[in-house]
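The structure appears below as structure tokens.
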Amino acid sequence: MYQPSEHSVQLVTTDAFVEGVHFDLTYTSLKHLGWKAMAANLSDIAAMGGEPRYAVISLALPSKITIELVEQLYDGIAAACKAYSCLLVGGDTVASLANMFISITLTGEARKEHVVYRNGAKVG
4 MYQPSEHSVQ LVTTDAFVEG VHFDLTYTSL KHLGWKAMAA NLSDIAAMGG EPRYAVISLA
64 LPSKITIELV EQLYDGIAAA CKAYSCLLVG GDTVASLANM FISITLTGEA RKEHVVYRNG
124 AKVG
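With this note's numbering applied, the sequence shown covers 4 to 127.
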């Protein structure tokens with residue numbers, strides 16, 4: 004989190020998903036995976052009391068992932084972005100020798116007085 008103005012703060016979160024650890028492509032559609040990966044980040048921003056703004060995505064893709072499958076992944080990501088009013092503004096794609104890897108970083112914004120900090124958590 005950083006504070007660009009007197010009344011608001013910028014929030015930043017990131018989540019990574021590794022094939023074989025966080026998802027299995029035998030049971031998970033790429034569209035669902037895209038939504039899930041984006042939703043994890045959206046949830047983090049919401050938990051801090053913020054509104055999502057901009058996302059960047061890094062993918063490591065093995066040769067078994069076709070362009071059609073990548074399009075399905077981005078369909079899920081785009082649907083989540085549209086539903087929660089954030090923009091996908093960039094990222095990177097690299098080759099992977101074995102498994103797929105997704106990392107999403109999302110920024111958000113909150114009014115300074117509305118930010119929910121982890122140290123404010125209470126039992127119950």
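Ideal Cβ positions, reconstructed from N, Cα and C, are used throughout, including at glycine. Bear in mind the structure is a predicted one, so any value in this text is a computation, not a measurement.
- Listed in chain order, the non-local C-beta contacts of C84 below 6 angstroms within the same chain comprise L91, local neighbours out to five positions each way being set aside.
- By the criterion of at least three beta-carbon pairs nearer than 8 angstroms, the segment 70–84 is in contact with the segment 36–47.
- The alpha-carbon separation between E112 and E22 amounts to approximately 31 angstroms.
- For E54, the enclosing beta strand (DSSP E) covers residues E54 to L64.
- For N44, the closest of Y87, T31, V12 and L62 by C-alpha to C-alpha distance is Y87.
- Annotated three-state conformation of V92 is strand, per DSSP.
- Distance check between L109 and each of A63, G53, T29 and H25 places G53 closest, using alpha-carbon atoms only.
- The criterion of a C-beta distance shorter than 8 angstroms is not satisfied by S66 and D95.
- One thing to note: S99 has its Cβ within 8 angstroms of the Cβ of L64.
- DSSP places E22 within a strand segment (E or B) once states are collapsed to three.
- Excluding the 5 residues flanking it on each side, V119 has same chain C-beta neighbours closer than 7 angstroms at A50, M51 and G52, in chain order.
- DSSP links A98 through a beta bridge to L64.
- Here E112 is bridged, per DSSP, to Q13 and E54.
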